[in-house]
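Peer 1:
Residue numbers (mature numbering (1 follows the signal peptide of the UniProt record, and there is no 0)): -34 to -1, 1 to 249.
Below, the structure is given as structure tokens:
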């Protein structure tokens, strides 16, 4: 046994021990892989195996679609002879190449659905016999899919699709925005009509978290910690001069009876003075 083989065996044994300790679903066989496998190759095989064998999020979509979160794991799609598996890609996604490990016993046929400009590509998968496994790589205009294909005598997934992380993030952002808009205090107009285009500059412990206007009044929201302490004084700047306008505090909200273009909030005196400037329009 040469030195390289000894190192490979030691590395593989270590990976097996760590995999067992971590409960990994994929364990390397050191005896099967030691000959001719370097330490880095063994490490790469272990990483790939853990990704391929890990348990990810699988959910139910519309019409019984099996939905995988793209990129989390390698999806394993189960098909059956004399049946078809429909793997649906994202609408508007153009397929570049479809590469299959076993092109003899697996047939892949493309199909489309939807109107022009937003069509979705479907990959129709058909195995010729049960008990066979292969892998498929699909490259598109947006991403690359790595999919494992398995065949079973009777069981199969009729429809398969994907949820994309960027779509999930966009949906969460939309939900958060709607929740925030629905809980905006003080304004007497629908949230979608409020003007949030204000910039806030300056440092202060009470620095406002947001400013918005309904076109008549301006609402300056402070951190909750401002409750119970003296609020800063507001000066509205108009025509190059400071104007004192009517305003009042309601909990952590300063309600100004004026549609502010520019204003200054001031607290303290001398070197302890803190000042924050508010301007309508992003800087």
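C-beta atoms are modelled at their ideal positions from N, C-alpha and C, and glycine is treated no differently.
Does the contact criterion of 3 or more C-beta pairs under 8 Å hold for the segment 219 to 230 versus the segment 165 to 185?
Peer 2: Flag = yes, the segment 219 to 230 and the segment 165 to 185 touch.
Peer 1: What separation, rounded to the nearest whole angstrom, lies between the Cα atoms of residue 233 and residue 56?
Peer 2: Distance between the alpha carbons of residue 233 and residue 56 is about 54 Å.
Peer 1: Return the chain-ordered list of same chain residues with a C-beta closer than 7 Å to the C-beta of residue 168, the five sequence neighbours on each side being excluded.
Peer 2: Cβ neighbours of residue 168 beyond the five flanking positions: 241, 242, 243.
Peer 1: Can you look up residue 197 in the DSSP assignment and give me helix, strand or coil?
Peer 2: Three-state result, residue 197: coil.
Peer 1: If you run the structure through DSSP and keep just helix, strand and coil, what is residue 235?
Peer 2: Coil.
Peer 1: Between 43, 104, 239, which lies nearest to residue 63 when the distance is taken from Cα to Cα?
Peer 2: The shortest C-alpha separation from residue 63 is found at 104.
Peer 1: Can you have a look at residue 12 and say buried or exposed, based on whether 16 or more other CB atoms are within 10 angstroms of its CB?
Peer 2: Looking at its Cβ environment, which holds 16 or more other Cβ atoms inside 10 Å, residue 12 is buried.
Peer 1: Hey, residue 122 and residue 16 are a contact pair by Cβ (cut 8 Å); roughly how many whole angstroms apart?
Peer 2: Not a contact, Cβ separation roughly 26 Å.
Peer 1: Do the segment 97 to 117 and the segment 4 to 11 meet, that is, are 3 or more Cβ pairs less than 8 Å apart?
Peer 2: Result no; under three Cβ-Cβ pairs closer than 8 Å.
Peer 1: Per the contact definition of three or more C-beta pairs closer than 8 Å, is the segment 202 to 217 in contact with the segment 159 to 178?
Peer 2: No, the segment 159 to 178 does not touch the segment 202 to 217.
Peer 1: In terms of DSSP beta bridges, what is residue 72 paired with?
Peer 2: BP columns for residue 72 point to 93.
Peer 1: Can you tell me where the beta strand (DSSP E) with residue 208 in it begins and where it stops?
Peer 2: 207 to 209 is the span of the beta strand (DSSP E), which, as asked, contains residue 208.
Peer 1: Which partner residues does residue 77 have in the DSSP bridge list?
Peer 2: Its beta-bridge partners are 88.
Peer 1: What residue does the alpha helix (DSSP H) around residue 13 start on, and which one ends it?
Peer 2: Residues 5 to 19.
Peer 1: Which value, in whole angstroms, describes the spacing of the CA atoms of residue 229 and residue 163?
Peer 2: Going from the Cα of residue 229 to the Cα of residue 163 covers about 14 Å.
Peer 1: Quick check: the segment 111 to 126 against the segment 39 to 46, are at least 3 beta-carbon pairs closer than 8 Å?
Peer 2: A contact exists between the segment 39 to 46 and the segment 111 to 126.
Peer 1: Tell me whether residue 23 is buried or exposed, calling it buried when 16 or more other Cβ atoms sit within 10 Å of its Cβ.
Peer 2: The residue in question, residue 23, is exposed, as its Cβ has fewer than 16 Cβ neighbours within 10 Å.
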